[in-house]
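Asks: Its first residue numbered 1045, the sequence shown is counted upward by one per residue in the working numbering.
This is the structure, below, for whatever I ask next.
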Amino acid sequence: MNERSLSTTTRATVPIHRRATLWDRLLEPVLGVNACFIYVFLYMPIVVLIAFSFSASPFSAVWGGFSIDWYIQLFQDSEIARALRNTLIVASFSMLFATIIGTMTALALSKFQFRGRNAFETTLNLPIVIPDIVQGISLLMFLVLVVHLALGLPTIIIAHTVFNISYVAVIVRARLHGFDRRLEEAAMDLGATEWQTFWKITFPLIWPGILSGALLAFTLSLDEFVVTFFVTGPGATTLPIQVYSMVKRGVTPEINALATLMLVASILLVTLSILLQRRRSS
1045 MNERSLSTTT RATVPIHRRA TLWDRLLEPV LGVNACFIYV FLYMPIVVLI AFSFSASPFS
1105 AVWGGFSIDW YIQLFQDSEI ARALRNTLIV ASFSMLFATI IGTMTALALS KFQFRGRNAF
1165 ETTLNLPIVI PDIVQGISLL MFLVLVVHLA LGLPTIIIAH TVFNISYVAV IVRARLHGFD
1225 RRLEEAAMDL GATEWQTFWK ITFPLIWPGI LSGALLAFTL SLDEFVVTFF VTGPGATTLP
1285 IQVYSMVKRG VTPEINALAT LMLVASILLV TLSILLQRRR SS
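What follows is the structure, encoded as structure tokens:
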């Protein structure tokens, strides 16, 4: 390579920085202020909620000193304890069923080509974009008028499983998208059966994606209100429904404490899911 071509290559690889114009200098503080307003509107209500959950005052909007009495009363409330138990039951079973069905669906779409595959993928992703109120009404009509099920925990579990399947399938498919099929072929060339290949090769590699999808399904089920509101029944109150019924009587620091605990649980689960996805990507 001669000197001229070397200098040309060097100029091509060196990034060219554009000199900031007057418009750029004026726009920068405006964008900074706009970003601050966005963060304030997004997170200030949450900060206020958490702060007043530790207030000793019985009024939700009056600060009366620091106290954890509302958290203590929260754990002593039998109705909230029952709602928490129902919520964990629904979230656990819907997570289990959605993870199994969603993973199998993702594997089928990744391995096989069949007629109507594109249409099937489209319908699989529809629960993600369909409004919750539409899903709630349609599931209510189907479970009651067609399947003839009594409203209760089983109908809530079925409803949560239906919309969670799509999320699990999308996450597992993203993991399978970068999966090297030559590993499976090499294992089968060495005499492994399809079942052995799946458990020894495929499953360990996609396990972070499966676990990430399961955690996301659990989190979505934990916080779901609209769909649950339509398919719930007597004795099947979950935490979001319980909070809604308590708010109708007025917002109290006890509700703030309950909402704070639900927020912390959701953040922990989502953070764990993100960490698993990063591990999967690396």
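Ideal placement from N, C-alpha and C gives every residue a C-beta, glycine not left out.
1) Candidates PHE1207, PHE1103, MET1232, THR1166: which alpha carbon is nearest ILE1177's?
2) What span of residues does the alpha helix (DSSP H) with LYS1155 cover, start to end?
3) Considering only their Cβ atoms, is the gap separating ALA1150 from ARG1225 smaller than 8 Å?
4) Per DSSP, which one or two residues make a beta bridge with SER1097?
5) Which residue's Cα is closest to the Cα of SER1154: PHE1081, GLU1298, ILE1250?
6) For PHE1242, which three-state DSSP category applies?
7) Within the segment 1176-1263, note down every full alpha helix (DSSP H) run reaching 4 residues or more, in order along the chain.
8) Quick check on ASN1044: buried or exposed, where buried means 16 or more other Cβ atoms within 10 Å of its Cβ?
9) Determine, using beta carbons only, whether SER1097 and ALA1301 come nearer to each other than 8 Å.
10) Around the Cβ of HIS1204, are there at least 16 other Cβ atoms within 10 angstroms (buried) or fewer (exposed)?
11) Tell me whether PRO1297 is buried or exposed, calling it buried when 16 or more other Cβ atoms sit within 10 Å of its Cβ.
12) Check each candidate in ILE1201, TYR1211, LEU1197 and name the one with the smallest Cα separation from ILE1172.
13) When the Cα atoms are used, what is the spatial distance from ALA1152 to PHE1223?
14) State whether the segment 1312-1319 contacts the segment 1247-1263, with contact taken as three or more CB pairs (one from each stretch) at a distance under 8 Å.
15) Taking 8 Å as the limit between beta carbons, can you name the residues of its chain near ALA1329, skipping five residues before and five after?
Replies: Once the coordinates are examined:
1) Your numbering for residue 1177 matches position 133 in the sequence shown. Among PHE1207, PHE1103, MET1232, THR1166, the Cα nearest to that of ILE1177 is on PHE1207.
2) In the sequence shown, counting from the first residue as 1, residue 1155 sits at position 111. Per DSSP, LYS1155 belongs to the alpha helix (DSSP H) from 1122-1155.
3) Looking up residue 1225 in the sequence shown gives position 181. Looking up residue 1150 in the sequence shown gives position 106. ALA1150 is positioned such that its CB atom lies no closer than 8 Å to that of ARG1225.
4) For the purposes of this step, residue 1097 is taken as the residue at position 53 of the sequence shown. DSSP output for SER1097 lists no bridge partner at all.
5) Here the question's residue 1154 lines up with position 110 in the sequence shown. It is ILE1250.
6) What you label residue 1242 is simply residue 198 of the sequence shown in a count that begins at 1. DSSP places PHE1242 in helix when its eight states are reduced to three.
7) Taking only runs of at least 4 residues, the alpha helix (DSSP H) segments lying wholly in the segment 1176-1263 are 1176-1185, 1197-1221, 1225-1233, 1238-1241.
8) For the chain, the structure presents residues 1045 to 1326; residue 1044 sits outside this window and is missing.
9) Position 53 of the sequence shown, counted from the first residue, corresponds to residue 1097. Position 257 of the sequence shown, counted from the first residue, corresponds to residue 1301. Yes, these two residues count as a Cβ contact at 8 Å.
10) Here residue 1204 refers to the residue found at position 160 of the sequence shown. HIS1204 comes out buried.
11) To locate residue 1297, count along the sequence shown from 1; it is residue 253. Counting C-beta atoms within 10 angstroms of its own C-beta, PRO1297 has 16 or more neighbours from the protein chains shown and is therefore classed as buried.
12) In the sequence shown, counting from the first residue as 1, residue 1172 sits at position 128. Residue TYR1211 is the option with its Cα nearest to ILE1172.
13) Here residue 1152 is taken as the residue at index 108 of the sequence shown, counted from 1. Here residue 1223 is taken as the residue at index 179 of the sequence shown, counted from 1. Spanning the alpha carbons of ALA1152 and PHE1223 requires a straight line of approximately 14 Å.
14) Judged by Cβ distances under 8 Å, the segment 1312-1319 makes contact with the segment 1247-1263, as three or more pairs qualify.
15) Only positions 1045 to 1326 of the chain appear in this structure, which leaves residue 1329 out of reach.
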